[in-house]
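Protein chains: 2
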Amino acid sequence: MAEPLFNRLVLIGIGHIGASIAGALKLHPGTVEQLVISDTNPDHLQRARELGLGDDYVADATAAVTNADGVILCTPVGSFAGIAEAIAPHLAPGSILSDVGSTKQSVIRDVLPFVPKGVSFVPAHPMAGTEFSGPDAGVADLFEGRWCLLTPIEGVDETATRKIEQFWQTLGARTARMGAAHHDRVLAIVSHLPHLIAFTICGTADDLADETREEVLEFAATGFRDFTRIAASDPVMWRDVFVNNKDALLEMFSRFSEDAQAMARAVRWGDTDYIEDKIKRSRKIRKTLIDIKQA
Amino acid sequence: MAEPLFNRLVLIGIGHIGASIAGALKLHPGTVEQLVISDTNPDHLQRARELGLGDDYVADATAAVTNADGVILCTPVGSFAGIAEAIAPHLAPGSILSDVGSTKQSVIRDVLPFVPKGVSFVPAHPMAGTEFSGPDAGVADLFEGRWCLLTPIEGVDETATRKIEQFWQTLGARTARMGAAHHDRVLAIVSHLPHLIAFTICGTADDLADETREEVLEFAATGFRDFTRIAASDPVMWRDVFVNNKDALLEMFSRFSEDAQAMARAVRWGDTDYIEDKIKRSRKIRKTLIDIKQA
Ligand SMILES: NC(=O)c1ccc[n+]([C@@H]2O[C@H](COP(=O)([O-])OP(=O)(O)OC[C@H]3O[C@@H](n4cnc5c(N)ncnc54)[C@H](OP(=O)(O)O)[C@@H]3O)[C@@H](O)[C@H]2O)c1
Ligand SMILES: NC(=O)c1ccc[n+]([C@@H]2O[C@H](COP(=O)([O-])OP(=O)(O)OC[C@H]3O[C@@H](n4cnc5c(N)ncnc54)[C@H](OP(=O)(O)O)[C@@H]3O)[C@@H](O)[C@H]2O)c1
């Protein structure tokens, strides 16, 4: 058997993504010698233990990271600064600190200042997930065939970056590198804005007068049903994503708003060519996604 | 075996919904004595014949409806006025004219004026469908467990309405009656607005500078992927729905816009309570949908 990538790997936060990593590591034994699980939520830590997700369970993150050669932050991005500040003095020299956060500029802004010399910080974002949360929501093959994007920081040890790439590839993901700002723009349009819209339209429906609201729920058709699925996602995780990718999200929102206004205007004035054209174009995008197997 | 509901039933338009009705009728033999299929698209009519969807295939709708005791319009709602005008003189006394259109006020506006005395017009809308179109997109169990909404016109023969209800119930649907204006408002929020939004965001993504666009497609995450699925729907059908449910759609759009602006404002000012609150509320809606088994 090949050398393990990490002797002692700590997952801080054992929710949907943390538990999925733990599950994936079971499918690929030998990748990690010892998997340590840390979470401030005692119920989640206990549940992780019941599910046998790791080899060791340590509530206190500062204790957990001591002697670890790998640490992955798997909590909502708003908690990263506090966690980084707390664990920094306890990180072992030569160890790698990584994360799975959905925003990358904010993560670098919040974590990097605390990273001690001799520790390599490698920001990463596995682009896979469902609307479920918590340790029971772990999906062992979640990363299979999906992308994991790395946004390496200049001057960081290339060996560390390669190790994180290898880690995700072992769990079945394809990896790519890009700048953090670019990452945040791409994610704003493919993920963050769709979520913001889905959350919003559910609220709009819920605000309708009582009689209509009940029928909205009763007769929920395809479109709305799909939106509510997205909208069932974790409030804290998404709140943190929105405020931590504010600039890119607001830019994409404002582009979307203009386009939606133009579409509404075409509906108002019966500009059928415009409407048909826009729909045809969306169809083409869907076709491209199917062709490149992302749908 | 019980009496058939219709001796000669004509489906005008053999696309996704028409072909699904034809498929469902095969699952429930004896419901209709003779199923006649009509479509102006010779390829679709030929394909329907190859698939053996009906008992008779008649391109010309006026010829098809002669001697029929039931006719269901299954074409995009924008074509209803023209078809109604053409077939009206050929409709048999005592026959029932119905439809599957996604908008109901416009359908009544466009069809009712042409309906001859002695013919009962029963507007209906089976709330089931996918993003696919054409005769190959027929799904025999599409209506199973789904709603079919009827918006009966005052003064129309109750026996005719009951017959259409029985028809849809036989195909597995639950039926409900409501006013056409109410139908159009409910549908605007649960289906038409979600589609308008999905079409729009695909365009917004496609407008991004070339480099980002490619990565948008390459890295399409959950949110966007789900939106493109909705957005792959038929351009003509949806164009017709939008302009024929203009008032309700624009009202719902304007409510949604206000709510989305408020959400964007909360993101800009870091109002995390507001954001979390809205997301929690969407989650609750999803939960309700699951509880009443519409998700
Ligand atoms: N879900 C997705 O689709 C997805 C996809 C890619 C990346 N991500 C990223 O993955 C990360 C985790 O998301 P998730 O979906 O796994 O969320 P989750 O299911 O809610 O799990 C987060 C876990 O971290 C715990 N936690 C919160 N604050 C903590 C702290 N300060 N110290 C230790 N533990 C803490 C949570 O406990 P409590 O529940 O008690 O707070 C929970 O057990 C986020 O950064 C997110 O942006 C998510
Ligand atoms: N798809 C859904 O999710 C859904 C759900 C519920 C209700 N509906 C309603 O069902 C109806 C049909 O939708 P669909 O999805 O089945 O569309 P579709 O798959 O595009 O089928 C429509 C069929 O009607 C033909 N057609 C068009 N104009 C015609 C005319 N004047 N005379 C005869 N045939 C004509 C079309 O041929 P061409 O392709 O050559 O035009 C096509 O074969 C619409 O009114 C829609 O609002 C749809």
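First to last, the protein sequences are chains G and B.
Reading the first sequence from the start, the letters are residues 1 to 295 in the working numbering.
Reading the second sequence from the start, the letters are residues 296 to 590 in the working numbering.
Idealized CB from N, CA, C, for every residue including glycine.
- request: Could you give the DSSP three-state label for G:SER257: helix, strand or coil?
  value: In the three-state reduction of the DSSP assignment, G:SER257 falls in the helix class.
field: Straight-line Cα distance separating G:LYS246 from B:ASP505
entry: About 23 Å.
- request: Output the distance between the C-alpha atoms of B:ILE403 and G:GLN169, rounded to the nearest integer angstrom.
  value: Using only the alpha carbons, I get a separation of about 58 Å.
query: By Cβ distance, which residues of its chain are closer than 7 Å to G:PRO116, with the 5 residues on each side in sequence left out?
result: ALA88, LEU91
message: Which of the three DSSP states is assigned to B:ILE309 in this structure?
response: In the three-state reduction of the DSSP assignment, B:ILE309 falls in the coil class, being assigned neither a helical nor a strand state.
query: Of the residues B:LEU368, B:GLU439, B:VAL536, which one's Cα is nearest the Cα of B:HIS323?
result: B:GLU439
message: Along the region 152-177 of chain G, where does the CB come closer than 9 Å to a CB of chain B? Name the residues.
response: ALA176
- prompt: Is the distance from the Cβ of B:GLY365 to the Cβ of B:SER401 below 8 Å?
  reply: no
query: From B:ARG563 to G:VAL243, what distance separates their C-alpha atoms?
result: 7 Å
Contacting positions in the region 271-283 of chain G - beta carbon closer than 7 Å to chain B: Per Cβ criterion, the list reads THR272, ILE275, GLU276, LYS278, ILE279, LYS280, ARG281, SER282, ARG283.
- request: Please determine, among B:LEU466, B:GLY413, B:MET422, the residue with the shortest C-alpha to C-alpha distance to B:ASP452.
  value: Comparing Cα positions, the closest option is B:GLY413.
field: Whole-angstrom distance between B:LEU445 and B:MET422, CA atom to CA atom
entry: 11 Å
query: Which parts of the region 102-165 of chain G are runs of the beta strand (DSSP E), unbroken and 3 residues or longer, counting only runs that do not cross its ends?
result: Counting whole runs of 3 or more residues, the region 102-165 of chain G contains the beta strand (DSSP E) stretches 120-122, 124-126, 147-150.
message: If you measure between the beta carbons of B:ILE378 and G:PRO235, is that distance less than 8 Å?
response: no
field: Endpoints, beta strand (DSSP E) assigned at B:GLU513
entry: Unbroken run through B:GLU513 is the alpha helix (DSSP H), 505-513; no beta strand (DSSP E).
message: Quick check on DSSP: helix, strand or coil for G:ASN244?
response: helix
query: What residues of chain G sit near B:PHE427, judged by a beta carbon separation below 9 Å?
result: Ordered by position in chain G, no residue passes the 9 Å Cβ test against B:PHE427, which lies about 11 Å from the chain.
message: I want to know whether the region 369-378 of chain B touches the region 296-304 of chain B - three or more CB-CB distances under 8 Å.
response: no
task: Could you spell out where the alpha helix (DSSP H) holding B:THR567 opens and where it closes?
output: 567-586
query: How is G:VAL71 classed by DSSP in three states: helix, strand or coil?
result: strand
query: What does B:ALA527 reach in chain G if we use C-beta pairs closer than 8 Å?
result: SER282, ARG283, ARG286, LYS287
query: Does the beta carbon of B:ARG404 come closer than 8 Å to any beta carbon on chain G?
result: no
message: Between G:SER191 and chain B, is the shortest Cβ-Cβ distance under 8 Å, so that the two count as touching?
response: Taking CB atoms only, G:SER191 has a neighbour in chain B less than 8 Å away.
query: When the Cα atoms are used, what is the spatial distance from G:ARG146 to G:ASP226?
result: 21 Å
- prompt: Distance, Cα to Cα, G:MET237 vs G:LEU208?
  reply: 27 Å
- prompt: From B:ASN336 to G:SER254, what distance separates their C-alpha atoms?
  reply: One C-alpha to the other measures close to 41 Å.
field: Cβ-Cβ distance between G:ILE164 and G:PHE121 below 8 Å
entry: no
Chain B contact residues for G:GLY203, given Cβ-Cβ distances below 7 Å: Those are ASP554, LYS573, ARG576, SER577, listed as they occur along chain B.
Status (buried if at least 16 other CB within 10 Å, exposed otherwise) for B:THR596: This structure does not reach residue 596 of chain B, given that chain B is present from 296 up to 590, and the question cannot be answered.
query: Based on Cα-Cα distance, which residue from B:HIS339, B:PHE514, B:ASP479, B:VAL360 lies nearest to B:PRO388?
result: B:VAL360
- prompt: chain B beta carbons: is any one of them nearer than 8 Å to that of G:ILE21?
  reply: no
message: Using 8 Å as the threshold, is the C-beta distance between G:ILE14 and G:LEU45 below it?
response: yes
message: Helix, strand or coil for G:ASP206? Go by DSSP, reduced to three states.
response: helix
task: Measure the CB-CB distance between B:PHE514 and G:ILE201 and report whether it falls below 8 Å.
output: No. Outside cutoff.
query: Is G:THR40 near ligand 1, with its Cβ less than 7 Å from a heavy atom?
result: yes
message: Strictly below 7 Å CB to CB, what residues from chain B border G:GLU215?
response: VAL481
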